[in-house]
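Q: Sharing a structure with you now.
Here is the structure:
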């Protein structure tokens, strides 16, 4: 029972942080209707920014996060404005060329990181890295707990931003019906730029929260891209609350899989859930609530 | 127009057959063989992704299955992996049937994502079924034929077969149905085209030839592991890049794209050192942004425009 409880709690905590990364993706996918394969690479860049802050200036990752977010916001805006936005205007046979462009961006980001930092595995050793809190007989890692709470706070702030502010409402309007939003006076190219920026900044925040728990290397982006996809589809494209719940579901499913099946099959659990959701619940968890 | 195509094809075939007379160094032959392998995978992908518009991010599944069919014959039964050239494509096609059943219920980006997930599931399965596949250690065989010349001509025959088959499919009724599905699936359905069945007609040969390329790869390179042949970024995504570089939904696009991909990749690798993938990535971004129809696609458009201009100027003069 202790093992089960610990597995579930660990899954929830990790899932909350995955969710923050996935919310960035779901926002981008919802507004722009493209699959962003560079999302994990953006997480990776955010992690490196936080890492450099820690190694060079001794800034704690939880504070370095607030430096990584504006940096990634800026990078995201540039990518959207000067690369992806251009493609909306050009004519090509397959709309998927936008996806391929994000593959190119992913390559560029990953290889730039490799050029600067080499392929070495790096980690951040803080005073609290290996601290553990106890809940009855169950032990819970402190950085996981902290990360989870910060991630939840961010999710809440984003939710308020999307529902209460003008820009937030424009973002949601663009996601629902781009043409209608344009007729209502929404500057859609500005909104997509801001959305991509916010999505990237959230990716960076998620990465910074996970930094004390994961080894950092240039290819780690693939891992996060895969997880955010699964969560995005699970929650329903464009739904922040769906992504939050989806993150928790994936986190729990993965840690149950790792504990009770095997470490190697852990990732298959997520992918199978992904396929099942695609097939039987194409709108994700969002569509259940709406029904 | 028709005659021009035939003449061009014959000239290209002659060039390809005579090339080893001039290129003898093993390294250069190796590059040529890699180009052939990627041309085959690209042409196969193009049938499904380019003509039918079903962009698959999971072709590594078929490539890996073909490769493992050949490798496992040797590993378990000590049967020559050349039989894999028969078994591999058949295994890939058989697996493609249930995959089509599952994935063709989905459209557009959802289809792409489902294929991506399937490809990854195969990679993880082949990594974890250690007793059957030898796991992450992979399979190493002793190649039965050394010397590159044999592989070059065998590969060339394989490419010719792939090109001919896809050409015949694309220029038959099936091909026109596929294009109509790509352009507007709802309209195609309302005209009475059984879209799912026709998508399967594209997937089946696509999986077959990708599996064939996989089996050939096993015989040629003589070592595979799940992270090589089921790799998402180095197989599934790269094949799409190859086709996009050359030109989507064109006969020669994948071959031209494969030649560019391998050639530039090697050039960068030998001259730029560790920055080679970075430069390649930048190039990919630029090509997608500025040549959205690929090299062959853009040339076709230019030729059409030139022909149209000629026509109007003639009409104007008369």
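Chains as they are written, first to last, in full-length UniProt numbering: chain A, 1 to 291; chain B, 1 to 318. Yeah, the Cβ is synthetic: ideal placement off N, Cα and C, and Gly gets one too.
Looking at the strands, I want to know which residues DSSP matches up with residue 122(A).
A: Here residue 122(A) refers to the residue found at position 122 of the first chain. Note: residue 122(A) sits in a beta bridge opposite 216(A).
Q: Among 108(A), 106(A) and 84(A), which has the Cα closest to the Cα of residue 98(A)?
A: Indexing the first chain from 1 puts residue 98(A) at position 98. It is 84(A) whose Cα lies nearest to the Cα of residue 98(A).
Q: Excluding the five sequence neighbours on either side, which residues of its own chain have a C-beta within less than 6 Å of the C-beta of residue 131(A), listed in chain order?
A: As a position in the first chain, residue 131(A) is number 131, starting the count at 1. Closer than 6 Å at Cβ, skipping near neighbours: 142.
Q: Which term fits residue 301(B), buried or exposed, when burial requires 16 or more other beta carbons within 10 angstroms of its beta carbon?
A: Position 301 of the second chain, counted from the first residue, corresponds to residue 301(B). Per the 10 Å Cβ criterion, exposed.
Q: Is the CB of residue 318(B) under 8 Å away from at least one CB in chain A?
A: In the second chain, counting from the first residue as 1, residue 318(B) sits at position 318. Confidence is the limiting factor: at residue 318(B) the pLDDT is only 45, short of 50, which leaves the residue's position unreliable, though a coordinate-based value still follows. Taking Cβ atoms only, chain A never reaches closer than 8 Å to residue 318(B), which makes this a no.
Q: Do we get a CB-CB distance below 8 Å when we pair residue 280(B) with the residues of chain A?
A: Counted from its first residue, the second chain places residue 280(B) at position 280. Chain A, which has a Cβ nearer than 8 Å to the Cβ of residue 280(B), makes this yes.
Q: Note down, in chain order, each residue of its chain lying with its Cβ closer than 8 Å to the Cβ of residue 87(A), except the 5 sequence neighbours on either side.
A: Sequence index remark: in the first chain, residue 87(A) carries index 87 (1-based). Correct list, in chain order: 97, 98 and 101.
Q: Please report how far the alpha carbon of residue 199(B) lies from the alpha carbon of residue 66(A), in whole angstroms.
A: Translated into positions along the second chain, residue 199(B) becomes position 199. Translated into positions along the first chain, residue 66(A) becomes position 66. Going by the C-alpha atoms only, they are around 49 Å apart.
Q: Please report the distance separating the alpha-carbon of residue 50(B) from that of residue 248(B).
A: For the purposes of this step, residue 50(B) is taken as the residue at position 50 of the second chain. For the purposes of this step, residue 248(B) is taken as the residue at position 248 of the second chain. So the two alpha carbons sit approximately 5 Å from each other.
Q: Count the CB pairs spanning the segment 269-279 of chain A and the segment 98-110 of chain B that are closer than 8 Å, and state whether there are at least three.
A: At 8 Å Cβ cutoff, the stretches touch.
Q: Roughly how many angstroms separate the alpha carbons of residue 32(B) and residue 259(B), rounded to a whole number?
A: Against the second chain, residue 32(B) aligns to sequence position 32. Against the second chain, residue 259(B) aligns to sequence position 259. Roughly 8 Å separates the two Cα atoms.
Q: Check for me: the beta strand (DSSP E) holding residue 248(B) runs from which residue to which?
A: Translated into the one-based positions of the second chain, residue 248(B) becomes position 248. Here residue 248(B) belongs to no beta strand (DSSP E), and DSSP marks it neither H nor E.
Q: Verify whether the separation of the beta carbon atoms of residue 276(B) and residue 268(B) is less than 8 Å.
A: Position 276 of the second chain, counted from the first residue, corresponds to residue 276(B). Position 268 of the second chain, counted from the first residue, corresponds to residue 268(B). In this structure, residue 268(B) lies closer than 8 Å to residue 276(B) by Cβ.
Q: Any idea what DSSP makes of residue 68(A), helix, strand or coil?
A: The residue labelled residue 68(A) in the question sits at position 68 within the first chain. DSSP places residue 68(A) in helix when its eight states are reduced to three.
Q: Can you tell me where the beta strand (DSSP E) holding residue 42(A) begins and where it ends?
A: Position 42 of the first chain, counting from 1, holds the residue named residue 42(A). Note, residue 42(A): premise wrong, no beta strand (DSSP E); alpha helix (DSSP H) at 39-57.
Q: Could you tell me whether any non-hydrogen atom of the ligand SAM is closer than 7 Å to the CB of residue 66(B)?
A: Absent from the structure shown: the ligand SAM. Ligands present: none.
Q: Mapping the DSSP letters down to three states, classify residue 140(A) as helix, strand or coil.
A: Walking along the first chain from the start, residue 140(A) turns up at place 140. Three-state DSSP puts residue 140(A) in a strand.
Q: Secondary structure at residue 191(B), three-state DSSP: helix, strand or coil?
A: As a position in the second chain, residue 191(B) is number 191, starting the count at 1. Here residue 191(B) sits in coil by DSSP.
Q: Can you tell me whether DSSP reads residue 145(A) as helix, strand or coil?
A: Indexing the first chain from 1 puts residue 145(A) at position 145. Here residue 145(A) sits in helix by DSSP.
Q: Rounded to the nearest angstrom, what separates residue 158(A) and residue 13(A) at their Cα positions?
A: Working through the first chain from its first residue, we reach residue 158(A) at position 158. Working through the first chain from its first residue, we reach residue 13(A) at position 13. Residue 158(A) and residue 13(A): Cα-Cα distance of roughly 19 Å.
Q: Beta-carbon of residue 83(A) versus every beta-carbon of chain B: anything under 8 Å?
A: Looking up residue 83(A) in the first chain gives position 83. It does: the Cβ of residue 83(A) has a partner Cβ on chain B nearer than 8 Å.
Q: Just to confirm the assignment, what range does the beta strand (DSSP E) spanning residue 135(A) have?
A: Residue numbering aside, residue 135(A) sits at position 135 when the first chain is read from its first letter. Per DSSP, residue 135(A) belongs to the beta strand (DSSP E) from 132-135.
Q: Helix, strand or coil: how does DSSP classify residue 272(B) here?
A: Locating residue 272(B) in the second chain gives position 272, where the first residue counts as 1. Three-state result, residue 272(B): helix.
Q: Answer yes or no: does any C-beta atom of chain B fall closer than 8 Å to that of residue 178(A)?
A: The residue you call residue 178(A) lines up with position 178 of the first chain. Not closer than 8 Å to any Cβ of chain B, the Cβ of residue 178(A) fails to qualify, so no.
Q: Pull up the distance between the alpha-carbon of residue 121(A) and that of residue 214(A), whole angstroms please.
A: Position 121 of the first chain, counting from 1, holds the residue named residue 121(A). Position 214 of the first chain, counting from 1, holds the residue named residue 214(A). Those two C-alpha atoms are separated by around 10 Å.
Q: Would residue 183(B) be called buried (16 or more neighbouring beta carbons within 10 Å of its own) or exposed?
A: For this step, residue 183(B) is matched to residue 183 along the second chain. Exposed, since its Cβ has fewer than 16 Cβ neighbours within 10 Å.
Q: Which partner residues of residue 140(B) appear in the DSSP bridge assignment?
A: As a working mapping, residue 140(B) is identified with position 140 in the second chain. Per DSSP, 223(B).
Q: Where do the ends of the alpha helix (DSSP H) carrying residue 322(B) lie?
A: It is not possible to answer for residue 322(B), since the shown part of chain B is limited to 1 through 318.
Q: Tell me whether residue 171(B) sits in a helix, a strand or coil according to DSSP, three-state version.
A: By 1-based counting over the second chain, the position of residue 171(B) is 171. Residue 171(B): coil per DSSP, three-state reduction.
Q: Roughly how many angstroms separate the alpha carbons of residue 29(A) and residue 136(B), rounded to a whole number?
A: On the first chain, position 29 is the one that residue 29(A) refers to. On the second chain, position 136 is the one that residue 136(B) refers to. One C-alpha to the other measures close to 34 Å.
Q: With residue 17(A) as the anchor, note down where its alpha helix (DSSP H) starts and where it stops.
A: Taking the first residue of the first chain as 1, we reach residue 17(A) at position 17. Where residue 17(A) is concerned, the enclosing alpha helix (DSSP H) stretches over 2-32.
Q: So, is residue 153(A) buried or exposed, given that buried needs 16 or more other C-beta atoms within 10 angstroms?
A: Taking the first residue of the first chain as 1, we reach residue 153(A) at position 153. Residue 153(A) comes out exposed.
Q: List the endpoints of the continuous alpha helix (DSSP H) containing residue 325(B).
A: No answer is possible for residue 325(B): it lies beyond the span of chain B, which begins at 1 and ends at 318.
Q: Over the uninterrupted alpha helix (DSSP H) stretch that includes residue 265(A), give me the two end residues.
A: Counting from 1 along the first chain, the entry for residue 265(A) is found at position 265. Neither: residue 265(A) is in no alpha helix (DSSP H) and is coded neither H nor E.
Q: Measuring CB atoms only, is the segment 111-124 of chain B touching the segment 42-62 of chain B, in the sense that at least three cross pairs come out at less than 8 Å?
A: Touching, yes, given that three or more Cβ pairs across the two stretches are closer than 8 Å.
Q: Measure the alpha-carbon distance for residue 19(A) versus residue 150(A) and round it to whole angstroms.
A: Within the first chain, numbered from 1, the residue matching residue 19(A) stands at position 19. Within the first chain, numbered from 1, the residue matching residue 150(A) stands at position 150. Between residue 19(A) and residue 150(A), the C-alpha separation is close to 12 Å.
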